[in-house]
Amino acid sequence: MGRSIAFTPWKCHVSRRYRLSLLALLVVGGYVIALAIVGALALISGDLSAMLRLTLVPELDEGLAVTGRGVLIVGLVGAMWAWALWQGLRGPLVGPPYAMDRDTTRLRIALYVAAASWLVYPLVTSWSWWMSLLDAAVMLAVVWLYHPVLTRGLKYGDHMRSFGIVAYGSVAVSEVLDLLGMPVGDFLITIGGLAGLLWTMLLLRAQRNDRRWQTSTVVYGIAALVLMLTSSLLDRLLEGVGNVPGTVTALAGALSLIWLTRSAHDLADPRHAAVTADRSNGSGLRMMGDT
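Here you go:
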């Protein structure tokens with residue numbers, strides 16, 4: 002009884018705070034249970050493939066030896082995905098939704114669709130061309146719809162949209178060329194990667210200077226970008242401590258998912274009404290992030 006009494010206030014607090022908290026808790030709980038089961042089976046059978054798929058860690062080495070340390074590290078990656086599920090599924094804060102215009106509503110829907118597309122990946126055995134095209138198409142929509150929402154008075158807004166189109170457009174073109182058996186030049190891949198980096202950096206800067214996005218949301222985006230840029234180096238550095246190749250990339254993916262969903266949640270945050278009132282009164286206080 003004492004345990005249930007201790008848990009109830011926290012549960013009630015979470016339920017009151019977020020719109021879909023109970024659903025999120027159920028899904029996250031189910032994911033954690035599934036992760037524990039496949040982790041135990043990996044130690045027994047010596048096959049880590051199911052656990053890698055559940056945590057979206059790429060299977061880079063089919064002959065990978067299964068060790069307790071390796072299972073633990075992949076389990077920690079799974080814990081980050083559980084946190085990403087909680088951040089996404091819990092929804093915005095409880096309260097009257099902030100009145101959004103049509104452009105903002107469309108962007109919010111596109112961000113949720115981009116986040117939901119991640120749910121497809123654990124269901125397939127390997128990455129394929131249609132997954133790359135799906136990701137590129139969804140992110141091109143996000144790039145396009147960010148423009149009217151973010152660039153009201155934003156310097157270099159047109160440049161930011163152009164970088165995003167080049168970045169994800171090059172991914173789509175590369176996949177189509179590869180599907181047709183035509184050579185994909187390194188130049189196209191390099192230009193696309195640089196354009197993607199510039200778009201992300203400009204977007205994070207714009208979010209940081211916009212009252213609608215919390216500081217913590219921007220921090221998740223920065224962390225995802227840094228991990229993605231350094232994933233190869235960090236994987237090599239961690240090999241000596243039993244790291245499974247690809248875990249840093251998976252961590253970056255989890256952080257990216259959090260960034261996408263929180264970016265959408267923040268647009269419907271009921272606290273915007275208070276911030277708008279402060280702004281009209283001249284106080285101009287920036288809304289701080291929560292966890």
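Read in order, the letters of the sequence shown correspond to residues 2 to 292 in this note's numbering. Where a beta carbon is used, it is the ideal one built from N, C-alpha and C, also for glycine.
Backbone secondary structure at residue i - three-state DSSP
{"i": "Tyr122", "result": "helix"}
{"i": "Tyr1", "result": "Absent from the structure is residue 1, since the part of the chain shown begins at 2 and ends at 292."}
{"i": "Leu234", "result": "helix"}
{"i": "Leu94", "result": "strand"}
{"i": "Val28", "result": "helix"}
{"i": "Leu239", "result": "coil"}
{"i": "Asp104", "result": "helix"}
{"i": "Val245", "result": "coil"}
{"i": "Gly40", "result": "helix"}
{"i": "Gly47", "result": "coil"}
Spatial neighbours of residue i in its chain, beta-carbon cut-off 8 Å, leaving aside the 5 residues before and after
{"i": "Glu176", "result": "Trp130, Ser133, Leu134 and Ala137"}
{"i": "Val114", "result": "Val139 and Ala142"}
{"i": "Val72", "result": "Gly40, Ala43, Leu44, Leu49 and Met52"}
{"i": "Val185", "result": "Ser175, Leu178 and Asp179"}
{"i": "Ile315", "result": "It is not possible to answer for residue 315, since the shown part of the chain is limited to 2 through 292."}
{"i": "Val95", "result": "Arg17, Arg18, Tyr19, Arg20 and Pro271"}
{"i": "Ala116", "result": "Gly89, Leu258, Leu261, Thr262 and Ala265"}
{"i": "Asp236", "result": "Asn244, Pro246, Gly247, Thr248, Val249 and Thr250"}
{"i": "Leu203", "result": "Tyr157, His160, Met161 and Phe164"}
{"i": "Asp102", "result": "none"}
Heavy atom of the ligand MN within 7 Å of residue i beta-carbon
{"i": "Ala117", "result": "You won't find the ligand MN in this model; it holds no ligand whatsoever."}
Cut-off 7 Å between Cβ atoms - residues of its own chain near residue i, not counting five sequence neighbours on either side
{"i": "Arg107", "result": "Leu146"}
{"i": "Gly170", "result": "Leu141"}
{"i": "Ala35", "result": "Leu55"}
{"i": "Gly290", "result": "With a pLDDT of only 44 at Gly290, under the threshold of 50, the placement of this residue in the model should not be trusted; the figure read from the coordinates follows. These residues qualify, in order along the chain: Gln215, Thr216, Ser217 and Thr218."}
{"i": "Val58", "result": "Val75, Val78, Val245, Gly247, Thr248 and Ala251"}
{"i": "Tyr221", "result": "Leu256, Ile259, Trp260 and Arg263"}
{"i": "Ile166", "result": "Leu141 and Val144"}
{"i": "Val33", "result": "Ala83"}
{"i": "Ile38", "result": "none"}
{"i": "Gly1", "result": "Beyond the ends of the chain as shown, which are 2 and 292, falls residue 1; an answer cannot be given."}
{"i": "Ser118", "result": "Leu135, Asp136 and Val139"}
{"i": "Leu65", "result": "Leu49 and Val245"}
{"i": "Glu60", "result": "Ser50 and Leu53"}
{"i": "Val29", "result": "Ala83, Leu86 and Trp87"}
Contact set for residue i: own chain, Cβ-Cβ below 6 Å, skip 5 residues either direction
{"i": "Ala25", "result": "Trp87, Leu90 and Arg91"}
{"i": "Tyr19", "result": "Arg91 and Gly92"}
{"i": "Ala207", "result": "Leu151 and Leu155"}
{"i": "Pro97", "result": "Pro271"}
{"i": "Met81", "result": "Leu252 and Ala255"}
{"i": "Leu199", "result": "Phe164"}
{"i": "Gly47", "result": "Val67"}
{"i": "Pro149", "result": "Asp104"}
{"i": "Ala111", "result": "Ala142, Val143 and Leu146"}
Extent of the continuous alpha helix (DSSP H) run through residue i
{"i": "Glu60", "result": "Glu60 -> no alpha helix (DSSP H), and no H or E assigned at all."}
{"i": "Gln215", "result": "Counting along the chain, Gln215 falls outside any alpha helix (DSSP H), and DSSP gives it neither H nor E."}
{"i": "Asp267", "result": "Thr248 to Leu268"}
{"i": "Leu73", "result": "Gly69 to Leu90"}
{"i": "Met52", "result": "Ser50 to Leu55"}
*What alpha helix (DSSP H) runs, 4 residues minimum, are completely inside the stretch 107-189?*
130-151 and 158-180
*Kindly confirm or deny that the stretch 178-193 and the stretch 224-238 touch, where touching means at least three C-beta pairs closer than 8 Å.*
no
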